[in-house]
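Below is one structure; the comments refer to it alone.
Residue numbers (the working numbering): -19 to 97.
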């Protein structure tokens, strides 16, 4: 059975919504036991990255996975999505704390978010 372009787009859209809902539900309680809520991609800086503060680096299938990984890690305050959305780098700091480590990068996009209790 072949799926038409329009049907494929609808399936992808529904899957994306389900993945976002999963990310939000997974992020409701951090591994530190604190309750908080966030807005995904509150601050995104395309073609930039925070260097030298990476606490974890893992391959990913899609950028949303990096958001979920960061939300589940108590030490993660920001993250870089690199290699066309295939590599996740969790950072222990935000660019505001170390602006000298914030640099232009053709391979990465920098993301940070604010926690609100």
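Note that CB positions come from ideal geometry on N, CA and C, so glycine has one too. In this text the structure is predicted, and so the values were computed from the model without any measurement.
* Three-state secondary structure (DSSP) at residue 44? -> For the purposes of this step, residue 44 is taken as residue 64 along the chain shown, with counting starting at 1. If DSSP states are grouped into helix, strand and coil, residue 44 belongs with the helices.
* Asked: Taking the beta strand (DSSP E) that residue 35 falls in, what are its first and last residues?
  -> Your numbering for residue 35 matches position 55 in the chain shown. Residue 35 -> beta strand (DSSP E) spans 34 to 39.
* Relative to the C-alpha of residue 89, which residue among 47, 35, -15 is closest? -> Within the chain shown, the letter at position 109 stands for residue 89. Selected option, being the one with the closest Cα: 47.
* Own chain, CB closer than 6 angstroms to residue 23, minus 5 neighbours either side, in chain order -> For the purposes of this step, residue 23 is taken as residue 43 along the chain shown, with counting starting at 1. Around residue 23: 92.
* Identify whether residue 86 lies in helix, strand or coil by the three-state DSSP scheme. => As a working note, residue 86 is residue 106 in the chain shown. Reduced to three states, the DSSP call for residue 86 is coil.
* Over the uninterrupted beta strand (DSSP E) stretch that includes residue 93, give me the two end residues. => As a working note, residue 93 is residue 113 in the chain shown. No beta strand (DSSP E) contains residue 93, which DSSP labels as neither H nor E.
* **Closest Cα partner of residue 33 within the set 63, 77, 45, 39** => As a working mapping, residue 33 is identified with position 53 in the chain shown. For the residues 63, 77, 45, 39, the minimum Cα distance to residue 33 belongs to 77.
* To do: Compute the Euclidean distance between the alpha carbons of residue 43 and residue 68, then round it to the nearest angstrom.
  => The residue labelled residue 43 in the question sits at position 63 within the chain shown. The residue labelled residue 68 in the question sits at position 88 within the chain shown. Going by the C-alpha atoms only, they are around 8 angstroms apart.
* To do: Going by DSSP, name the residue or residues bridged to residue 78.
  => Against the chain shown, residue 78 aligns to sequence position 98. Its beta-bridge partners do not exist; DSSP assigns none.
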